[in-house]
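Report on the structure given below.
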Ligand code: SF4
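Residue numbers (this note's numbering): 1 to 282.
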């Protein structure tokens with residue numbers, strides 16, 4: 001009997017969801033209600049969220065809950081490894097909430113997770129999507145020493161909107177994270193993401209992309225904001241497919257090595273493809 005494609009994808013989606021429940025792992029895909037969840041899960045890719053599912057910041061677009069926080073679970077990297085082995089992933093994105101309550105912002109836990117994955121699966125590629133660690137260079141160094149293949153840190157929005165959209169974060173500090181990363185480790189691929197629809201102007205979008213290129217950011221992803229609820233920041237503008245295409249062309253002209261731009265693009269969308277292209281594997 002031929003099983004319709006959609007049913008195969010749905011069964012894979014449910015298998016993955018069961019695996020994440022069983023291993024008590026959090027995925028950003030579920031926490032952020034990502035619109036690509038079915039597509040990515042059905043292809044066997046997922047972005048794992050370590051350090052719990054509660055955040056110390058309060059971005060007004062984000063659906064992640066705030067306190068209470070729990071200490072880092074030393075077994076979490078090993079559970080993640082088991083999930084990666086079960087799913088036979090070749091490329092893993094590891095991210096976290098922001099943990100301002102931890103002295104190193106969770107950098108040590110990130111580094112341990114990368115080491116556990118690479119120690120057991122030497123061919124695996126690991127992308128870390130890190131918080132800003134409140135600008136602590138020692139924390140960034142700790143993560144980079146664990147040899148991730150890609151270091152991502154998202155600016156999310158334009159500088160003017162930070163006080164309204166990214167409460168507790170700082171635009172220049174985020175750019176510094178990306179700049180210093182290249183200073184510490186030249187060969188690492190850096191990446192950032194921009195969400196549109198908060199009320200930014202065209203000039204501000206351009207300036208943000210230029211700022212990212214100024215710190216030698218290699219990859220940018222650009223997507224549309226969809227408000228998770230009426231309590232979240234309202235959507236000020238919905239961009240058309242054509243506008244996303246235009247922004248993509250502009251970004252490529254600025255020198256980004258890979259650009260994903262579209263209404264449903266999220267920061268880890270096509271992460272493996274971007275890596276393959278930049279590393280020259282394609
Ligand atoms: S830092 Fe902001 S976007 Fe990231 S998990 Fe916390 S509230 Fe959400």
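Ideal Cβ placement from N, Cα and C applies to all residues, glycine included.
Item: Residue 83 vs residue 25 beta-carbon contact at 8 Å; Value: yes
Item: Straight-line gap, residue 124 to residue 276 (C-alpha atoms, nearest Å); Value: 13 Å
Item: Unbroken alpha helix (DSSP H) run spanning residue 119, endpoints; Value: 107–120
Item: Rounded C-alpha distance that separates residue 307 from residue 236; Value: Here the chain comprises residues numbered 1 to 282, so residue 307 is not present and cannot be evaluated.
Item: Best match in 260, 74, 266 and 244 for proximity to residue 274 [C-alpha to C-alpha]; Value: 260
Item: Identified DSSP bridge partners for residue 198; Value: None; residue 198 has no bridge partner.
Item: Extent of the continuous alpha helix (DSSP H) to which residue 275 belongs; Value: 271–278
Item: When 199, 151, 172 and 131 are compared against residue 184, the one with the closest alpha-carbon; Value: 151
Item: Same chain, Cβ closer than 6 Å to residue 215, neighbours up to 5 away in sequence not counted; Value: 175, 178 and 179
Item: Local Cβ density within 10 Å of residue 63, reported as buried at 16 or more and exposed below that; Value: exposed
Item: Rounded separation between residue 222 and residue 251 - CA only; Value: 10 Å
Item: Through-space distance from residue 202 to residue 96, alpha-carbon basis; Value: 30 Å
Item: Distance between residue 78 and residue 71 (C-alpha atoms, nearest Å); Value: 16 Å
Item: The ligand SF4 heavy atom lying under 7 Å from the CB of residue 234; Value: no
Item: Residue 248: first and last residue of the uninterrupted alpha helix (DSSP H) it sits in; Value: 241–254
Item: Sequence-distant residues of the same chain with beta carbon closer than 6 Å to residue 167, five excluded per side; Value: 58
Item: Buried/exposed call for residue 149, threshold 16 Cβ in 10 Å; Value: buried
Item: Distance CB(residue 154)-CB(residue 192) smaller than 8 Å; Value: yes
Item: Heavy atom of the ligand SF4 within 7 Å of residue 98 beta-carbon; Value: yes
Item: Residue 113 and residue 50 closer than 8 Å at C-beta; Value: yes
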